[in-house]
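Numbering (mature numbering (1 follows the signal peptide of the UniProt record, and there is no 0)) for the sequence shown: -19 to -1, 1 to 350.
A virtual CB, placed ideally from N, CA and C, is assigned to each residue, including glycine.
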Amino acid sequence: MCRLWSVFLLLLPLGVALPAPKDEIVFALDSYVKKSVKKGIPGASLAVIINGNIRLLRGYGVTKAGGNKRIDSATVFPLASISKTFASAATSILVSKGLIEWDTHVIPYLDNIEFSDPDLGKSVTLRHLLSHTTGLVPQAYSDMLEDNVRYTRILRALKRVKFVCDPGKCYGYQNVVYNLSADMLAQAAGMDFPTLVKEQVFIPLKMNHASYGLDEFEQSSNRVVPHVKVKSGCAAVKPAPYYYKVPAAAGVNASAQDLAKWMLAQFGHNPSVLRSSALEVMHKPHIRANQYRYRAKLSNVYYGLGWRTFDYKGITGFVHHGGWVKGIRTEMVFNRHTQTGMVFLTNCETKVAREIVLEFLDLYKEYLE
């Protein structure tokens, strides 16, 4: 990277003001995505924020392999599990209004839920849902979602899910169980969960392309087509409907433009929507998270409320969430101390999504440590 920076300096005309070294993060990530598209992924969208300022919003490639419709920064992608970050934010908003508490118990708040162990079940709280610390077997009934079983039927089956530890004592990633937060928030707000988030988050933050659900995704005129990896590259598939059944866990559609605004809100730029006190609660490490694909490269890996947190080569303050659903990969990572981060969205299941996060972290260490 230093050699590339030196070449860039030599090419500058005399009298032109030099960009700060941190701009190399922008140049390098832009180049990385361009090369990835040339190597075979259909398309992607990228947002880069440096020191609290949006420095890059760009689309790359096409919405569908073999097509000619270009991706831009307003193109909509299913976010998959990045959606979890909106559930914790919605909770913080209702907490600030006095409509619910972080430690409200699931039972008896939700009268349609039964747990396999009533004594342990009665101690499960909203905070446990949002931090994946209910104590239940991880990924409980995600397979039933993918088998297109109705959400209400899955909820009736929750009473068969065993506890592997006491609530609050261990980490176990969830989708169905996480969505109990949506049910609680809907009851507290007196409106359905997607409407709550739209009114309290999307509209005030001017996330103009953000929505919930498969119908909203398919109605967007500027959306990607999902692709899966095949020998010849990436093959188009239909959008997967199943995880849209759990909107708190995986229901949001949004663009890189939207997520750049979402990141600024995480930096405290919109206190009327997300208070600094709420951000501290959400970004605070709650439980050590061993099941994490980047764990070998990171240290102090924890889950907060709707967000993962970690250190990288001695640098603290990183916050992250990724998402995967059939044919789509999404990543959002930032350092809350320096207000610097990246959003990467791509319309093919590819290791590029994983690798670009590590690329960002290496660039961060080199230029902003």
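>> What ranges does the alpha helix (DSSP H) occupy inside the segment 99 to 158, keeping only unbroken runs of at least 4 residues that lie completely in it?
In response: Counting only runs of 4 or more, we get 99 to 102, 107 to 111, 123 to 127, 132 to 138.
> What residue from Thr56, Asp4, Gly308, Gln320 has the CA that sits closest to Ala216's CA?
Replying inline: Taking only the C-alpha atoms, the option nearest Ala216 is Gly308.
> Along the chain, where does the beta strand (DSSP E) that runs through Val262 open and close?
Replying inline: Element bounds for Val262: not the beta strand (DSSP E) but the alpha helix (DSSP H), 257 to 264.
>> Output needed for Val338: all residues of its chain with C-beta closer than 6 Å, excluding positions within five of it in sequence on either side, in chain order.
In response: For Val338, same chain residues with a beta-carbon under 6 Å away, outside a window of 5 residues either side, are Glu312, Val314 in chain order.
> Are three or more beta carbon pairs between the segment 61 to 72 and the segment 33 to 45 nearer than 8 Å?
Replying inline: At 8 Å Cβ cutoff, the stretches do not touch.
> Under the three-state reduction of DSSP, which class applies to Lys210: helix, strand or coil?
Replying inline: Reduced to three states, the DSSP call for Lys210 is strand.
> Between which two residues does the beta strand (DSSP E) harbouring Leu38 extend?
Replying inline: Looking at the DSSP string, the run of the beta strand (DSSP E) that includes Leu38 is 34 to 42.
>> Measuring alpha carbon to alpha carbon, tell me which residue in Tyr90, Arg335, Asn328, Phe299 is nearest Gly322.
In response: Considering only Tyr90, Arg335, Asn328, Phe299, the residue with the shortest C-alpha distance to Gly322 is Phe299.
> Quick one: Cα of Leu126 to Cα of Cys146, how far?
Replying inline: CA-to-CA, the gap between Leu126 and Cys146 works out to about 24 Å.
> For Asp98, which residues from the same chain have a beta carbon less than 6 Å from its beta carbon, with the 5 sequence-adjacent residues on both sides left out?
Replying inline: Excluding residues up to 5 positions away in sequence, Phe144 lie with their Cβ nearer than 6 Å to the Cβ of Asp98 in the same chain.
>> Am I right that Val178 and Glu330 are in contact with their C-beta atoms under 8 Å? What's the rounded C-beta distance?
In response: About 26 Å separates the two Cβ atoms, so there is no contact after all.
> Do you know offhand how far Gln168's Cα is from Gly249's?
Replying inline: Taking C-alpha positions only, Gln168 is separated from Gly249 by approximately 28 Å.
>> Below 8 Å, how does it come out for the segment 118 to 132 and the segment 74 to 89: are there three or more Cβ pairs, yes or no?
In response: The segment 118 to 132 vs the segment 74 to 89: no contact.
> Quick one, are the C-beta atoms of Ser112 and Leu344 less than 8 Å apart?
Replying inline: The beta carbons of Ser112 and Leu344 sit no closer together than 8 Å.
> Are there 16 or more other CB atoms within 10 angstroms of the CB of Thr327, so buried, or fewer, so exposed?
Replying inline: Buried, since its Cβ has 16 or more Cβ neighbours within 10 Å.
> Considering only residues of the same chain and omitting the five flanking positions on each side of Pro222, which have a CB-CB separation below 7 Å?
Replying inline: Result list for Pro222: Leu195, in chain order.
>> Going by DSSP in three states, residue 352 sits in which element: helix, strand or coil?
In response: The shown model of the chain, from -19 to 350, leaves out residue 352, and the question about it has no answer.
> Relative to the C-alpha of Glu237, which residue among His190, Gly153, Asp84 is closest?
Replying inline: Note that residue 237 is Ala in the sequence shown here, rather than Glu. Here the closest residue by C-alpha is His190.
> Under a three-way DSSP split, which group does Lys346 fall into?
Replying inline: Helix at Lys346.
> By how many angstroms is the C-alpha of Lys212 removed from the C-alpha of Val18?
Replying inline: Rounded to the nearest whole angstrom, the CA to CA distance from Val18 to Lys212 is 16 Å.
> Going straight from the alpha carbon of Thr319 to that of Phe198, what length do you get?
Replying inline: Distance between the alpha carbons of Thr319 and Phe198 is about 33 Å.
>> Using only CA atoms, which one of His267, Val306, Ala235 lies nearest to Asn203?
In response: In terms of Cα proximity to Asn203, the closest of His267, Val306, Ala235 is Ala235.
>> Applying the 10 Å Cβ sphere with the 16-neighbour rule, what's the burial state of Gly304?
In response: Label assigned to Gly304: buried.
> So what's Pro59 in DSSP terms, helix, strand or just coil?
Replying inline: In the three-state reduction of the DSSP assignment, Pro59 falls in the strand class, which pools E and B.
>> Let me confirm a value: Gln200 is counted as buried when at least 16 other C-beta atoms fall within 10 Å, else exposed. Which label applies?
In response: Exposed, by the Cβ-count rule.
> For Phe183, which residues from the same chain have a beta carbon less than 7 Å from its beta carbon, with the 5 sequence-adjacent residues on both sides left out?
Replying inline: The residues are Ala191.
> Does DSSP put Leu326 in a helix, a strand or coil?
Replying inline: Assignment of Leu326 by DSSP, reduced to helix, strand and coil, places it in the strand class.
> With 16 other CB atoms within 10 Å as the buried threshold, where does Thr72 fall?
Replying inline: Counting Cβ neighbours within 10 Å, Thr72 comes out buried, since at least 16 surround it.
>> Taking only three categories from DSSP, how would you classify Ser64?
In response: Residue state, collapsed to three classes: helix.
>> Threshold first: 4 residues or longer. Then list the alpha helix (DSSP H) segments lying entirely within the segment 153 to 200, N to C.
In response: For the segment 153 to 200, whole alpha helix (DSSP H) runs of length 4 or above, ordered along the chain, are 161 to 170, 174 to 178, 195 to 200.
>> Taking its Cβ as the centre, do 16 or more other Cβ atoms sit within 10 Å of Arg141, making it buried, or is it exposed?
In response: Sixteen is the threshold: since fewer than 16 other Cβ atoms of the shown chains lie within 10 Å of the Cβ of Arg141, the residue is exposed.
> CA-CA distance, Tyr348 and Thr56?
Replying inline: Answer to the nearest angstrom: the Cα atoms are 30 Å apart.
> Just the Cα atoms here: how many angstroms apart are Ala277 and Asn316?
Replying inline: If you take the alpha carbons of Ala277 and Asn316, they lie about 19 Å apart.
> Is the shortest distance between the beta-carbon of Asn271 and the beta-carbons of chain D less than 8 Å?
Replying inline: As a matter of chain content, chain D is missing from the structure shown, which is built from one protein chain.
> Who does Ile74 pair with in a DSSP beta bridge?
Replying inline: Beta bridge pairing from DSSP links Ile74 with no other residue.
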